[in-house]
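There are 2 protein chains.
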Amino acid sequence: MAQSSNVTPLFNDLAKVEHDHNIACQDCALYRLCLPLGLHRNDLAELDEIIQRSQSFPRGHALFNTDTSFHSIFVVRSGSFKTTVQAVDGREHVTGFYFPGEFIGMDAIYAKAYKSTAKSLESSTVCELPFEKLQEFSATMPQLQIQLMSRLSRELSGDKSLMFLLGKKTAEEKLATFLLSISKRFQDRGFSAADFQLTMSRGDIANHLGLAVETISRLFTRFQDDGLIYTKNKAISLRDAERLKQLCG
Amino acid sequence: MAQSSNVTPLFNDLAKVEHDHNIACQDCALYRLCLPLGLHRNDLAELDEIIQRSQSFPRGHALFNTDTSFHSIFVVRSGSFKTTVQAVDGREHVTGFYFPGEFIGMDAIYAKAYKSTAKSLESSTVCELPFEKLQEFSATMPQLQIQLMSRLSRELSGDKSLMFLLGKKTAEEKLATFLLSISKRFQDRGFSAADFQLTMSRGDIANHLGLAVETISRLFTRFQDDGLIYTKNKAISLRDAERLKQLCG
DNA sequence: TGGCCGCATTGACCTAGATCAATAATCGTT
DNA sequence: AACGATTATTGATCTAGGTCAATGCGGCCA
């Protein structure tokens with residue numbers, strides 16, 4: 001996964017993260033994207049203590065499911081995850097994809113129980129944040145508390161957009177929006193906004209967007225024929241991000 | 001709006017709330033559903049000070065829109081609201097409906113800007129919670145902080161279910177789910193779970209569920225023909241909540 | 001108390017995207 | 001390297017729900 005030239009120095013070594021499990025928050029390549037941002041040095045050291053760092057999961061492993069008792073929220077350290085909610089009849093919906101620095105499990109705080117399942121899409125690592133401790137700490141670290149609320153609020157805001165997408169957008173608009181969202185997130189992490197690997201299957205994408213796999217497949221083909229993208233299996237290049245943006249609606 | 005006999009004493013006077021603007025949190029009929037739950041008496045008194053209480057809005061008035069600068073989140077005191085997100089092309093999606101004790105505007109915390117619009121569906125009142133102050137206070141009131149996070153998390157959890165609904169459910173399942181959700185919320189507020197007024201238009205319901213008005217209208221007719229509900233304009237009675245539940249999927 | 005105007009209902013028809021079915025390409029395993 | 005299993009692509013057909021159009025109804029204001 002060699003990086004192109006426009007990568008900021010900060011993220012040069014992002015790929016190394018998973019080989020270096022015991023790195024402290026302040027030295028972590030994800031620092032700017034992650035929870036500790038804005039914490040005082042002393043507070044950060046304290047926080048460091050409670051974080052269960054860099055647990056590894058092979059591809060397809062469940063980080064938690066609805067039977068797991070709730071104690072922690074998680075931050076992706078490397079790799080990627082998907083979360084799903086399930087109905088009694090077995091239907092499931094992919095509610096989101098999560099990349100390094102993003103939080104998983106915040107919707108469980110209220111009920112103190114996971115109502116969804118999180119699965120790794122590739123070999124991945126997470127940092128585990130014991131929630132009780134986190135709450136204790138926020139009592140004396142206003143900045144931590146602000147960060148947590150901010151995270152919650154950001155996901156909420158994203159979910160509202162997703163509701164619009166699911167409720168109002170056409171298949172074409174859905175896929176264009178999805179591709180640009182992923183692109184943006186790769187870019188934010190110092191990777192190329194144009195070329196990346198889709199770690200999730202076509203089925204996962206289709207499910208997430210409320211479409212059939214066949215529709216996604218056809219759209220990929222059409223977008224490629226129209227010169228918007230180039231795909232080869234899981235690899236994708238955005239060839240005309242501008243036109244893609246116009247397709248988002 | 002006379003109440004049926006199974007109403008808890010606590011909520012007997014819910015209808016009076018809007019006539020009694022300066023009632024303190026601890027004496028408010030919504031106390032059990034609202035933010036102050038679990039706060040110590042002294043803390044509550046302090047919180048009371050910063051709350052801008054019971055501002056009134058006539059039907060159709062915007063509580064805020066995307067041009068409003070963000071300073072506060074709101075709790076519905078009486079009446080009801082809808083929130084919408086808009087695309088540049090004018091399409092809009094109704095992201096939620098809000099009843100007494102429910103919070104509006106939490107998705108704005110992250111960006112410190114409202115990305116949605118909130119409109120009253122009937123003559124309504126809100127309590128305004130200045131967010132800066134709220135954050136200051138939570139530094140010394142762990143319970144307040146927990147309440148806030150809990151609220152955020154609960155809405156997040158609800159939005160995931162809504163995503164499932166929008167992405168996977170049939171029109172019939174969507175409407176059944178919607179009706180039972182509203183029913184549950186009325187019940188939680190001490191009103192009848194079976195008979196209530198839908199304060200939103202058919203168009204709002206359709207939009208929220210990702211359907212056309214005509215589809216909603218046809219479903220109402222069919223549900224009524226099947227003895228599941230009885231409707232007369234905005235009034236609705238759930239006649240067979242059990243079967244309705246089975247239709248939710 | 002009657003006359004709008006916006007909302008709701010109903011029917012006829014249409015279409016975006018689902019479903020079904022048949023390959024084809026990839027991946028993980030031995 | 002070969003194989004079975006999973007995942008992706010492509011084509012043919014179908015359908016849930018959308019769109020269009022006409023009519024009905026209720027609430028509101030003069």
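Those protein sequences? They're chains A and B, same order as listed. Residue 47 in the UniProt record's numbering sits at position 47 of the first sequence; the count goes up by one each step and never skips. Residue 190 in the UniProt record's numbering sits at position 190 of the second sequence; the count goes up by one each step and never skips. Backbone N, C-alpha and C fix where the C-beta goes; we use that ideal spot for every residue, glycine too. Note that the coordinates shown come from a computational prediction; the quantities given were computed from them, not determined experimentally.
Chain A contact residues for residue 111 of chain B, given Cβ-Cβ distances below 9 Å = 153, 154 and 157
Quick one: give me the first and last residue of the alpha helix (DSSP H) that residue 85 of chain A is part of.
-> Note, residue 85 of chain A: premise wrong, no alpha helix (DSSP H); beta strand (DSSP E) at 81-86.
Just grab the DSSP bridge partners of residue 124 of chain A for me.
-> A:57
In chain order, which beta strand (DSSP E) runs of at least 3 residues are fully inside the region 163-238 of chain A?
-> 195-197, 229-232 and 235-238
Element boundaries [alpha helix (DSSP H), containing residue 242 of chain B] = Following the DSSP letters along the chain, one finds residue 242 of chain B inside the alpha helix (DSSP H) bounded by residues 241-247.
Does residue 207 of chain A have its Cβ less than 9 Å from a Cβ in chain B?
-> yes
How big is the Cα-Cα spacing for residue 217 of chain A and residue 235 of chain B?
-> 45 Å
Three-state secondary structure assigned by DSSP to residue 73 of chain A = strand
Which chain B residues are close to residue 91 of chain A, counting only those with a beta carbon under 9 Å from its beta carbon?
-> 164, 168, 169 and 249
Would DSSP call residue 90 of chain A helix, strand or coil?
-> coil
What number of angstroms, rounded off, separates the C-alpha of residue 176 of chain A from the C-alpha of residue 209 of chain A?
-> 11 Å
Where does residue 158 of chain B fall in DSSP's three states?
-> helix
DSSP three-state call for residue 113 of chain A: helix, strand or coil?
-> strand
Report the partner residues of residue 98 of chain B according to the DSSP bridge assignment.
-> B:81
Taking residue 122 of chain A and residue 79 of chain A to be in contact with their CB atoms under 8 Å, please state how far apart those CB atoms are, rounded to whole angstroms.
-> Indeed, because the Cβ distance is near 5 Å, the residues count as touching under 8 Å.
Name the one or two DSSP bridge partners that residue 103 of chain A has.
-> Beta-bridge pairing links residue 103 of chain A to A:75.
Whose Cβ in chain B lies nearer than 7 Å to the Cβ of residue 245 of chain A?
-> Result: empty, since nearest Cβ-Cβ is about 11 Å, beyond 7 Å.
Taking C-beta to C-beta, are residue 127 of chain A and residue 88 of chain A nearer than 9 Å?
-> The answer is no: Cβ separation not under 9 Å.
Residue 45 of chain A - containing alpha helix (DSSP H), residue span | 41-50
Residue 136 of chain A: buried (16+ other C-beta within 10 angstroms of its C-beta) or exposed?
-> exposed
Measure the C-alpha to C-alpha separation of residue 186 of chain B and residue 24 of chain B and round it to an integer number of angstroms.
-> 23 Å
Output the boundary residues of the alpha helix (DSSP H) element that contains residue 139 of chain A.
-> 131-140
Does the distance from the C-beta atom of residue 83 of chain B to that of residue 116 of chain B stay below 9 Å?
-> yes
Under the three-state reduction of DSSP, which class applies to residue 24 of chain B: helix, strand or coil?
-> coil
Evaluate contact between the region 95-109 of chain B and the region 149-156 of chain A, counting only Cβ atoms and requiring at least three cross-stretch pairs below 8 Å.
-> Under the Cβ criterion (8 Å, minimum of three pairs), the region 95-109 of chain B counts as touching the region 149-156 of chain A.
Closer than 7 Å at the beta carbon, the chain A residues around residue 95 of chain B | 160 and 163
Do residue 48 of chain B and residue 144 of chain B come within 9 Å of each other at the CB atom, strictly closer than that value?
-> no
Closer than 9 Å at the beta carbon, the chain A residues around residue 142 of chain B = 135, 136, 138 and 139
Contacting positions in the UniProt domain "HTH crp-type" (169-242) of chain B - beta carbon closer than 7 Å to chain A = 210
Contact check, residue 70 of chain B vs residue 113 of chain B under 8 Å by CB: the rounded distance?
-> Between residue 70 of chain B and residue 113 of chain B the beta-carbon gap is near 5 Å, inside 8 Å, which marks them as a contact.
Option nearest residue 125 of chain B by Cα separation, candidates B:56, B:41, B:99 and B:181 = Closest by alpha carbon: B:56.
Does DSSP classify residue 144 of chain B as helix, strand or coil?
-> helix
Chain-ordered chain B contacts of residue 115 of chain A [CB-CB under 9 Å] = 157, 160 and 161
Within 9 Å, strictly: CB atoms of residue 164 of chain B and residue 72 of chain B = Cβ atoms of residue 164 of chain B and residue 72 of chain B: not closer than 9 Å.
Could you tell me which chain B residues have their CB closer than 7 Å to the CB of residue 148 of chain A, listed as they occur along the chain?
-> 149
Leaving out five residues on either side along the sequence, give the residues of the same chain with a beta carbon under 8 Å from the beta carbon of residue 148 of chain A.
-> Spatial neighbours of residue 148 of chain A in its own chain (CB-CB distance under 8 Å, excluding positions within 5 residues in sequence) are listed in chain order as 35, 134 and 138.
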